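The sequence shown maps to residues -4 to 365 in the numbering used here.
The block underneath contains the structure these notes are about, expressed in structure tokens.
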Amino acid sequence: MRCGNNMNPIILVVGARPNFMKIAPIQKELDSRGIPNILLHTGQHYDDNMSKVFFDDLKMKKPDIYLGIGSGSHATQTAKVMVEFEQVCLEYNPSMVVVVGDVNSTLACSLVSAKLNIKCAHVEAGLRSFDREMPEEINRIVTDSICEILLTPSDDGDENLLSEGVDQSKIHMVGNVMIDSLLSNLDVAKNLDVLSRYEISKDYVLVTLHRPSNVDDKSVFTDIISAIEEISGDVEFVFPMHPRTKKMAENFGLYSRIESIPGMKITPPAGYLDFISLMSKSKLVLTDSGGLQEETTALGIPCLTIRENTERPVTITQGTNQLVGTDKDKIISAGLEALQGNGKSGIIPKYWDGKTSSRIVDVLLQSIEQ
Ligand code: UD1
């Protein structure tokens, strides 16, 4: 499908680390069809290793607009993005705004668009953890309730939206766009020398933790670390540490304890290509991330999710993911089981095929032409 080049641009919003690999394939698809677009980075994540390295690895153009919002409380961060983004919308009068995921920038930009009567499309719509203590759950519910185009990654997303009374005509099951980035970068990533650079000499577990519910609570954080201590011995661990996690580990006096776990390698946050390379070669992933639950399912790598719930149930019903919660004994027994080669196997969910960005752009253009 083609659209006239005299159309107003589509604004693509990114803000935090998990947004970049979702927008990259959409922007490439728009560019390949000659559709004018503007890449706007709110600056919610600003460290080079949380942001710039992703632009380099994903071969994304530099953002056209950078808001430089930075860190702050939820209200501060959301409000600052809203104030700045409103000015951008007034200046550029976009034909549409595209937001992805569930971070504060997603919420802020969808709210501004809705109030200005600009069509807003939400990529990764319909996911629900049913846990309103999770800030992302509030962001998901509000964003979905005000966006006109809801692009879901899996059938459960459609079911959640329908049960909330959303009109079927707004919902489009397009699949998982993050898998487009994963599949198109996997061959290059697999050929990287990560094992030697990270000095890995045997089977290893890739660990990531950053959820406030896990790392901002000393006893929960300590239990998770104790569980990792218990499964250590015959394996190594690679732990690219999120800035929040590092800060809290230092505050709680846990950092040196983590460092001294046998086989543990704490590293700064990894770039995209290094990270998917590390993931694809790992024996097991231990995480509280949303995206990793999906990427491990796509790669067939067993994943233990250290959370009580997930907004991505298809990774459990069809994929390689297991919810182990924060119970130390459960993490230990599932961890040991997986390390003995009895990790969960799975299948690839529908439309996690690397072609989601093309389906997304078809829907966006249909909607703009209406
Ligand atoms: C945010 C998202 C979360 C996502 C995660 C991925 C929200 C509500 N949360 O959480 O959904 O899974 O990103 O990383 O939007 N910091 C830095 N450098 C940076 C960014 C952050 O040092 O580039 C530090 C700051 O001290 C900041 C803390 O990390 O206070 C947390 O950052 P913030 O953006 O508030 O939330 P995340 O935990 O990263």
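Even for Gly, the Cβ is constructed at its ideal location relative to N, Cα and C.
Bear in mind that the values here come from a model prediction, so they are computed numbers and not experimental data.
Name the one or two DSSP bridge partners that residue i has.
i: P344; result: Answer is none; P344 lacks a bridge partner.
i: F125; result: In DSSP, F125 forms no bridge with anything.
i: Y61; result: H36
i: N316; result: C298
i: C84; result: C84 is not bridged to any residue.
i: K260; result: V233
i: I141; result: I141 is not bridged to any residue.
i: M168; result: T147
i: I6; result: I33, V92
i: V118; result: V95, L146
i: T282; result: T203, T300
Under 7 Å from any heavy atom of ligand 1, does the C-beta of residue i make it?
i: D42; result: yes
i: D97; result: yes
i: E79; result: no
i: K242; result: yes
i: H167; result: no
i: P238; result: yes
i: A265; result: no
i: P130; result: yes
i: A11; result: yes
i: H36; result: no
i: Q288; result: no
i: H205; result: yes
i: S66; result: yes
i: Q39; result: yes
i: M274; result: no
i: S362; result: no
i: S46; result: yes
Taking the C-alpha atoms as reference points, what is the distance between residue i and residue j?
i: M274; j: T262; result: 14 Å
i: E132; j: I195; result: 37 Å
i: V358; j: F50; result: 25 Å
i: D269; j: Q365; result: 42 Å
i: D52; j: M45; result: 12 Å
i: K323; j: V94; result: 36 Å
i: C84; j: S108; result: 8 Å
i: S353; j: N112; result: 26 Å
i: M(-4); j: K242; result: Any answer about M(-4) is weak, because its pLDDT of 40 lies below 50 and its placement is not dependable; what the coordinates show is given next. Approximately 48 Å, taken between the alpha carbons.
i: V8; j: K114; result: 13 Å
i: R239; j: V92; result: 29 Å
i: K185; j: V280; result: 17 Å
i: K350; j: S105; result: 25 Å
i: D182; j: S272; result: 9 Å
i: W347; j: K110; result: 33 Å
i: K213; j: F247; result: 6 Å
i: N88; j: I174; result: 31 Å
i: L145; j: G170; result: 12 Å
i: L102; j: E159; result: 18 Å
i: V356; j: E81; result: 24 Å
i: Y250; j: A265; result: 18 Å
i: H36; j: Y267; result: 17 Å
i: P13; j: G96; result: 8 Å
i: L360; j: E86; result: 22 Å
i: K325; j: A222; result: 9 Å
i: P384; j: N32; result: The requested residue 384 does not occur in the structure, where the chain is confined to residues -4 to 365.
i: R192; j: V172; result: 29 Å
i: F65; j: D43; result: It should be pointed out that residue 65 corresponds to Gly in this sequence rather than to Phe. One C-alpha to the other measures close to 13 Å.
i: V68; j: A116; result: In the sequence on display, residue 68 carries Ser and not Val. Distance between the alpha carbons of S68 and A116 is about 26 Å.
i: E245; j: S100; result: 28 Å
Based on Cα-Cα distance, which residue from the options lies nearest to residue i?
i: R127; options: V118, A120, V137, E119; result: V137
i: M236; options: L201, D212, V309; result: L201
i: E290; options: S251, L177, A11, S158; result: L177
i: K339; options: N316, W347, K345; result: N316
i: R307; options: S124, H40, S100; result: S124
i: E303; options: Q313, V319, G314; result: V319
i: I6; options: D59, P20, S251; result: D59
i: G63; options: N171, Y41, H69; result: Y41
i: S284; options: L204, Q361, T101; result: L204
i: K54; options: K23, H69, K197; result: K23
i: E254; options: K197, I220, M168, N209; result: I220
i: G314; options: P344, K197, G330, P20; result: P344
i: I18; options: N134, R28, K56; result: K56
i: G121; options: E154, D218, M16; result: E154
Check your understanding: Below 8 Å, can you find three or more Cβ-Cβ pairs linking the segment 288 to 299 to the segment 71 to 79?
Key -> In short, these stretches do not touch, since the Cβ pair count stays below three.
Check your understanding: Hey, is the segment 223 to 233 in contact with the segment 327 to 340, meaning 3+ C-beta pairs nearer than 8 Å?
Key -> They touch, by the three-pair rule.
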